[in-house]
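Colleague: In full-length UniProt numbering, the protein residues as written are 1 to 378. From the three backbone atoms N, C-alpha and C, an ideal C-beta is built for every residue, glycine too. Everything numeric in this text was worked out from a predicted model, so none of it was measured. Take a look at this one; I'll ask things after.
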């Protein structure tokens, strides 16, 4: 009996990883009814990481009322994994850019306060280990809001609390962590991160990620200087130098805050997820591996999860096929990174909406046809 490992990402704005994997399994069984299909949704630290980890661990998605980047109360998701000790926080779920309209973006004053509230929610529920997906934030405050939400004091030269937001860090004089939630001293924090930008400078948080959050040239200069001041005060008061650490600039400098205050470790998101779902164990005796994402293109090779899975499968000499919503520029580069063949969903002229509305059926068809091609004995 064939063992087929099915390890796709979710297709953005369409189906979750588990829904895609289920459709792929249907396609496989149309060709090999007796095959054992092992469904392992994966992700790379961005969208879908929370869901993939929850699905694979037998955990659950929980909700909490927190503040978004501009201070409105919203309902945000977080993940309680099946081991009972690990919580997953997707920063974008709380303070994401996607939660704001174009005219609501306020990069100077946007705050990570809601991220701190999610930490507190998980701590109250008894969780001690944290996986943090940092992509997609609307903030540029270095994680200062998170610290303010969790009892840390950030004060100016008069001893008054500074305002929330990145620009307020220009007036920061002192950091006092004596009131910071003591439970974090025992917590283990791992940050799923696929960028290596430092906190400040031409490759820093403000310069590289600020413009997409609405920052003007003047904003970038001021925010960069404010984060530089934040790093200086952290170095003096916490004896931790976060300014130049690769990844410190992730998510508007949240990487720096997580490392400086919580001694977090930064790791590639795909590696974190694949370890959490125990992918190596499942791949050992697989005869075929199927991966997938919404679009295969040149960026897929940069340790995105399809390639990360394929690289591991190749250690066992296992063939790997990819199922894609669409094929973008440079998609053939994935063939040099362990994915032997790619099949696209679109099997006739159709609009993007039509394809997204019919994704499950199209995934099953594409997977079936890929398996039929494999089953041909020449």
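Measure the C-alpha to C-alpha separation of residue 47 and residue 135 and round it to an integer number of angstroms.
Modeller: The residue given as residue 47 occupies position 47 in the chain shown. The residue given as residue 135 occupies position 135 in the chain shown. Each residue's Cα considered, the two are about 8 Å apart.
Colleague: Leaving out five residues on either side along the sequence, give the residues of the same chain with a beta carbon under 6 Å from the beta carbon of residue 176.
Modeller: Taking the chain shown and counting its residues from 1, one reaches residue 176 at position 176. Around residue 176: 153.
Colleague: So, is residue 284 buried or exposed, given that buried needs 16 or more other C-beta atoms within 10 angstroms?
Modeller: Locating residue 284 in the chain shown gives position 284, where the first residue counts as 1. So residue 284 ends up on the exposed side.
Colleague: What residue ranges within the segment 295-364 form continuous alpha helix (DSSP H) runs of no fewer than 4 residues, ordered along the chain?
Modeller: Entirely contained in the segment 295-364, the alpha helix (DSSP H) runs reaching 4 residues are, in chain order, 305-314, 352-357.
Colleague: Does the count of Cβ pairs from the segment 75-82 and the segment 44-58 closer than 8 Å reach three?
Modeller: The segment 75-82 is in contact with the segment 44-58.
Colleague: Buried or exposed: where does residue 312 fall if 16 or more other Cβ atoms within 10 Å of its Cβ makes it buried?
Modeller: Residue 312 sits at position 312 when you count from the first residue of the chain shown. Result: buried.
Colleague: Rounded to whole angstroms, how far is the Cβ of residue 292 from the Cβ of residue 323, which I believe are closer than 8 Å?
Modeller: Position 292 of the chain shown holds residue 292. Position 323 of the chain shown holds residue 323. Indeed they touch by this definition, with Cβ atoms about 4 Å apart.
Colleague: What separation, rounded to the nearest whole angstrom, lies between the Cα atoms of residue 192 and residue 264?
Modeller: Translated into positions along the chain shown, residue 192 becomes position 192. Translated into positions along the chain shown, residue 264 becomes position 264. Cα to Cα, residue 192 sits roughly 10 Å from residue 264.
Colleague: Alpha carbons only, please: which of 317, 268, 332, 290 is nearest the one belonging to residue 298?
Modeller: Sequence index remark: in the chain shown, residue 298 carries index 298 (1-based). Comparing Cα positions, the closest option is 332.
Colleague: Taking the beta strand (DSSP E) that residue 197 falls in, what are its first and last residues?
Modeller: As a working note, residue 197 is residue 197 in the chain shown. Per DSSP, residue 197 belongs to no beta strand (DSSP E) and is neither H nor E.
Colleague: Please work out which residues of its chain come closer than 6 Å, Cβ to Cβ, to residue 356, disregarding the five sequence neighbours upstream and downstream, and give them in chain order.
Modeller: Numbered from 1 along the chain shown, position 356 holds the residue referred to as residue 356. Correct list, in chain order: 14.
Colleague: Between the Cα of residue 110 and the Cα atoms of 83, 145, 180, which residue gives the shortest distance?
Modeller: Along the chain shown, one-based indexing puts residue 110 at 110. Nearest option by C-alpha distance: 145.
Colleague: Exposed or buried, which one is residue 44 when buried takes at least 16 other CB atoms within 10 Å?
Modeller: As a position in the chain shown, residue 44 is number 44, starting the count at 1. Buried.
Colleague: Just verifying my parser: in three-state terms, what is the DSSP assignment at residue 260?
Modeller: Within the chain shown, the letter at position 260 stands for residue 260. Helix.
Colleague: Given a cut-off of 8 Å, decide if residue 38 and residue 5 are closer than it, judged by their beta-carbon atoms.
Modeller: Within the chain shown, residue 5 is the residue found at index 5, counting from 1. Within the chain shown, residue 38 is the residue found at index 38, counting from 1. Their beta carbons are under 8 Å apart, which means residue 5 touches residue 38 by this criterion.
Colleague: Could you spell out the range, first to last residue, of the alpha helix (DSSP H) harbouring residue 280?
Modeller: By 1-based counting over the chain shown, the position of residue 280 is 280. That run of the alpha helix (DSSP H) goes 279-283.
Colleague: Let me know the alpha helix (DSSP H) ranges lying completely inside the segment 63-107, each 4 residues or longer, listed in chain order.
Modeller: Taking only runs of at least 4 residues, the alpha helix (DSSP H) segments lying wholly in the segment 63-107 are 91-95.
Colleague: For residue 101, count neighbouring C-beta atoms within 10 Å of its own C-beta (all shown protein chains included) and say buried if the count is 16 or more, exposed if not.
Modeller: Your numbering for residue 101 matches position 101 in the chain shown. Label assigned to residue 101: exposed.
Colleague: Does DSSP put residue 162 in a helix, in a strand, or in coil?
Modeller: Indexing the chain shown from 1 puts residue 162 at position 162. Coil, per DSSP.
Colleague: Using beta-carbon positions only, say whether residue 301 and residue 277 come within less than 8 Å of one another.
Modeller: Along the chain shown, read from residue 1 onward, the residue named residue 301 stands at position 301. Along the chain shown, read from residue 1 onward, the residue named residue 277 stands at position 277. Not closer than 8 Å, so no.
Colleague: In chain order, which beta strand (DSSP E) runs of at least 3 residues are fully inside the segment 17-67?
Modeller: The segment 17-67 contains these whole beta strand (DSSP E) runs: 36-39, 60-67.
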